[in-house]
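Visitor:
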Amino acid sequence: MSAEPERPSRPRPADGPERGATRTREQVVPDICAWYAAHARDLPWRERGVSAWGVMVSEFMLQQTPVSRVLPRWREWMERWPTPADLSVEPVGEAVRAWGHLGYPRRAQRLWQAAAEIAGRFGNVVPDDLEDLRSLPGVGEYTAAAIASFAYGRRHVVLDTNVRRVLARLDGGVAQPPATVTRAERDRARSWLPDDDADAALWAVAAMELGAQVCVATTPDCGRCPVRSDCAWARAGYPAWTGPARRGQAYAGTDRQCRGALLAVLRESDAPRHEADLLAAWPVDAAQADRALASLLADGLVRREDAGLLSL
Ligand code: SF4
Numbered sequence: 032m033s034a035e036p037e038r039p040s041r042p043r044p045a046d047g048p049e050r051g052a053t054r055t056r057e058q059v060v061p062d063i064c065a066w067y068a069a070h071a072r073d074l075p076w077r078e079r080g081v082s083a084w085g086v087m088v089s090e091f092m093l094q095q096t097p098v099s100r101v102l103p104r105w106r107e108w109m110e111r112w113p114t115p116a117d118l119s120v121e122p123v124g125e126a127v128r129a130w131g132h133l134g135y136p137r138r139a140q141r142l143w144q145a146a147a148e149i150a151g152r153f154g155n156v157v158p159d160d161l162e163d164l165r166s167l168p169g170v171g172e173y174t175a176a177a178i179a180s181f182a183y184g185r186r187h188v189v190l191d192t193n194v195r196r197v198l199a200r201l202d203g204g205v206a207q208p209p210a211t212v213t214r215a216e217r218d219r220a221r222s223w224l225p226d227d228d229a230d231a232a233l234w235a236v237a238a239m240e241l242g243a244q245v246c247v248a249t250t251p252d253c254g255r256c257p258v259r260s261d262c263a264w265a266r267a268g269y270p271a272w273t274g275p276a277r278r279g280q281a282y283a284g285t286d287r288q289c290r291g292a293l294l295a296v297l298r299e300s301d302a303p304r305h306e307a308d309l310l311a312a313w314p315v316d317a318a319q320a321d322r323a324l325a326s327l328l329a330d331g332l333v334r335r336e337d338a339g340l341l342s343l
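If you're matching positions, the sequence shown starts at 32 in my numbering and goes up one per residue.
(1) Are there 16 or more other CB atoms within 10 angstroms of the CB of Pro103, so buried, or fewer, so exposed?
(2) Please state if the CB of Glu216 and the CB of Arg7 are separated by a distance shorter than 8 Å.
(3) So, do the segment 212–227 and the segment 175–184 have three or more beta carbon pairs nearer to each other than 8 Å?
(4) Hey, could you find the ends of the alpha helix (DSSP H) Cys64 is sitting in?
(5) Are there 16 or more other CB atoms within 10 angstroms of the CB of Tyr269, so buried, or fewer, so exposed?
(6) For Ala69, is the beta carbon positioned less than 7 Å from some heavy atom of ligand 3?
(7) Would you say Gly171 and Ala145 are within 8 Å of each other, going by their C-beta atoms?
(8) Just to confirm the assignment, what range does the alpha helix (DSSP H) spanning Val189 have?
(9) Short check: CB of Gln319 to CB of Asp286, under 8 Å?
(10) Report yes or no: do three or more beta-carbon pairs, one from the segment 304–318 and one from the segment 119–133, lie closer than 8 Å?
(11) My guess is that Ala210 and Pro275 are in contact by the Cβ rule of under 8 Å, so how many angstroms apart are they, rounded?
(12) Would you tell me roughly how many angstroms separate the C-alpha atoms of Ala311 and Phe153, rounded to the nearest one?
(13) Ala116 and Trp130 - do their beta-carbons sit closer together than 8 Å?
(14) Name the one or two DSSP bridge partners that Arg304 has.
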């Protein structure tokens with residue numbers, strides 16, 4: 032989340048049940064799922080027949096990057112590497128190169144490592160078991176649950192930023208969730224899960240989509256919300272957030288931007304390059320560039336070759 036949510040700018044009048052009526056979760060969930068069926072974005076990794084690997088690649092790419100930037104990369108990636116084994120036989124540098132400008136390139140490295148393990152340990156099939164998924168590099172609790180739910184239709188708590196925000200408002204009556212995931216949030220999210228596997232998987236993606244499209248961070252479009260009259264935050268009159276302010280993540284001038292600039296030199300080059308070429312990509316602060324290069328080498332995102340040249 033990049034900014035503190037504000038009071039909604041366009042709340043529509045409550046409709047459906049009277050404002051005094053409180054519906055059960057079993058009544059609210061189908062409305063959000065029906066809204067999803069009518070309004071979900073047409074995303075290629077949600078298409079019928081997409082492999083679990085395709086879902087997994089999308090989850091890695093979407094971790095820190097908006098959908099619009101992920102779409103072309105995901106398509107290129109799946110065309111080039113339709114299975115984990117296809118990726119794992121290439122050098123890891125190719126994965127980093129193909130990651131392009133998605134940011135946080137360690138995700139590409141981790142995805143390549145995970146592909147190698149899937150090809151070797153799991154017969155080139157993304158596992159459906161939560162524990163097996165979590166044993167893969169780069170797969171944490173959220174990503175494992177998302178893959179199992181979206182690719183295999185399993186019943187799991189899938190708690191990303193969007194779902195957390197929807198539940199904080201709809202159920203918790205507050206503008207935003209805590210800074211980090213709490214046990215209480217997990218318990219609440221579990222209490223919203225339908226019993227049936229397929230229903231739970233649909234609910235997971237529907238709640239996420241509502242948070243991405245309507246119940247957005249800064250200006251939720253409550254007039255389009257299918258459960259406006261069930262929303263505890265709306266019913267309470269949108270009380271202002273009184274918790275700690277959230278700061279947006281700065282990028283300009285950071286070490287992260289510096290690392291990106293240095294890495295771009297190698298990504299856009301067909302041949303290894305001199306260290307000076309990379310450092311020249313960040314003329315603003317030589318010490319910061321040195322530090323960034325050292326960290327890229329330490330992370331294995333850049334390799335030093337025999338002749339002292341650098342490559343991916
Ligand atoms: S859940 Fe619906 S009504 Fe409540 S804040 Fe979000 S968009 Fe508005």
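Note that the Cβ used here is the ideal one computed from N, Cα and C, for glycine as well.
Guide: Taking the definition as stated:
(1) Around the beta carbon of Pro103, fewer than 16 other beta carbons lie within 10 angstroms, which makes this residue exposed.
(2) No information on residue 7 is available, as it lies outside the stretch 32 to 343 that the chain covers here.
(3) Judged by Cβ distances under 8 Å, the segment 212–227 makes no contact with the segment 175–184, as fewer than three pairs qualify.
(4) Unbroken alpha helix (DSSP H) run through Cys64: Arg56 to His70.
(5) So Tyr269 ends up on the buried side.
(6) In the structure shown, ligand 3 is absent; the only ligands present are ligand 1.
(7) Not closer than 8 Å, so no.
(8) In the DSSP annotation of this structure, Val189 is not part of any alpha helix (DSSP H), being labelled neither H nor E.
(9) One thing to note: Gln319 has its Cβ within 8 Å of the Cβ of Asp286.
(10) Look at the beta carbons and you see the segment 304–318 not touching the segment 119–133: under three pairs across the two are nearer than 8 Å.
(11) The distance from the Cβ of Ala210 to that of Pro275 is about 7 Å, consistent with a contact at the 8 Å cut-off.
(12) Looking at the two C-alpha atoms, the distance is approximately 43 Å.
(13) Between Trp130 and Ala116, the gap from beta carbon to beta carbon reaches 8 Å or more.
(14) In DSSP, Arg304 forms a bridge with Leu341.
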